[in-house]
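See structure below.
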Amino acid sequence: MLPPFVIIRNEGHITGRLLRRPQHHNGADPWPTFSPARTLAFFSDLAALAEPAGFTRYLAPLRKANWVVYAKRPFGGPEQVLAYLGRYTHRVAIANSRLSGIEDGGVSFRWKDYRHHDKQKVMTLKPGEFIRRFLLHVLPDGFHRIRHYGFLANGRRAAKLETCRRLLAVPTPPIAVAGTPDDYRDRHHRLTGHDLRRCPCCGGTMVPLAPIPRSPAGHANHRIDTS
Numbered sequence: 030m031l032p033p034f035v036i037i038r039n040e041g042h043i044t045g046r047l048l049r050r051p052q053h054h055n056g057a058d059p060w061p062t063f064s065p066a067r068t069l070a071f072f073s074d075l076a077a078l079a080e081p082a083g084f085t086r087y088l089a090p091l092r093k094a095n096w097v098v099y100a101k102r103p104f105g106g107p108e109q110v111l112a113y114l115g116r117y118t119h120r121v122a123i124a125n126s127r128l129s130g131i132e133d134g135g136v137s138f139r140w141k142d143y144r145h146h147d148k149q150k151v152m153t154l155k156p157g158e159f160i161r162r163f164l165l166h167v168l169p170d171g172f173h174r175i176r177h178y179g180f181l182a183n184g185r186r187a188a189k190l191e192t193c194r195r196l197l198a199v200p201t202p203p204i205a206v207a208g209t210p211d212d213y214r215d216r217h218h219r220l221t222g223h224d225l226r227r228c229p230c231c232g233g234t235m236v237p238l239a240p241i242p243r244s245p246a247g248h249a250n251h252r253i254d255t256s
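Per our numbering, the sequence shown runs over residues 30 to 256.
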């Protein structure tokens, strides 16, 4: 969870004291209240939270706690922070760089064995099992990987971001103009580091000569003389 949280006073100052106890600012309470309409399920040791009184008692210590407020400028700038967070919020189940081969009816990929001192190993799965495991990371209908709250909420995001930029003296970024879509080979190279234009044997640059037509059923494949 990455909650954007900031309190802006009328004079434009942001104070750590208010951030430590946000529930005391203008009577606002950031903690949820129990509602029977919520589709919550509690099991085992948490079964008592299904009752409104138990749920309220569980949140009581959190309401009294001070929030830890500590922020400093990142060494590499905000771009580095966004890139770091983006690797977690926008990553897929498995990166292309971990795939090591597809052959003999199996998909091979590298994985880290944390039980044996983070040793790198290779696992091979049948295509159906590989796809099944990959789809376990796809969210069901109605679920969202990222929900925006605070000044990033969809309601008045543009106006609130403009207020933040004005208080921080940050210029409004220019609107990006959509350019020509990347060639699939350039996109593959940028994402994986593997250049499809390079010959896997000699490392030279491959030049397209002509398309290879599909062979009719029962006929031998066409051969192109490159001598």
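Don't be surprised by glycine CBs; every beta carbon is placed ideally from N, CA and C.
The structure displayed is predicted, hence computed values, not measured ones.
Cα-Cα separation between residue i and residue j, rounded to whole angstroms
i: D224; j: G232; result: 10 Å
i: M152; j: R139; result: 6 Å
i: H166; j: I131; result: 21 Å
i: A76; j: E158; result: 36 Å
i: L238; j: G115; result: 40 Å
i: H54; j: G222; result: Note that H54 scores a pLDDT of 44, beneath 50, so its modelled location is shaky; the value from the coordinates is reported in the next line. The straight-line gap from Cα to Cα measures roughly 50 Å.
i: V121; j: H217; result: 16 Å
i: G135; j: S244; result: 27 Å
i: S137; j: R127; result: 9 Å
i: D211; j: E191; result: 32 Å
i: V206; j: T234; result: 32 Å
i: A70; j: A182; result: 27 Å
i: E108; j: P200; result: 15 Å
i: E80; j: P169; result: 28 Å
i: L196; j: A187; result: 14 Å
Which residues DSSP lists as bridging residue i, in chain order
i: L69; result: According to DSSP, which records beta bridges pairwise, L69 is partnered with nothing at all.
i: I131; result: V136
i: T234; result: R227
i: V151; result: R139
N- and C-terminal bounds of the alpha helix (DSSP H) containing residue i
i: K155; result: No alpha helix (DSSP H) contains K155, which DSSP labels as neither H nor E.
i: L181; result: That residue, L181, is in no alpha helix (DSSP H); it is neither H nor E in DSSP.
i: V110; result: P107 to T118
i: T221; result: Y213 to T221
i: P90; result: P81 to K93
Proximity of residue i and residue j at Cβ, strictly below 8 Å
i: Q149; j: K155; result: no
i: F180; j: C193; result: yes
i: L220; j: N125; result: yes
i: R227; j: R214; result: no
i: T118; j: I204; result: no
i: V110; j: P103; result: yes
Counted within 10 angstroms of its Cβ, other Cβ atoms place residue i as buried (16 or more) or exposed
i: L164; result: exposed
i: F84; result: buried
i: A66; result: For A66, the pLDDT reaches just 44, beneath the cut-off of 50, and the residue's location in the model is therefore unreliable, leaving the point undetermined.
i: A78; result: First, the amino acid is wrong: residue 78 is Leu here, not Ala. Buried: at least 16 other Cβ atoms inside 10 Å.
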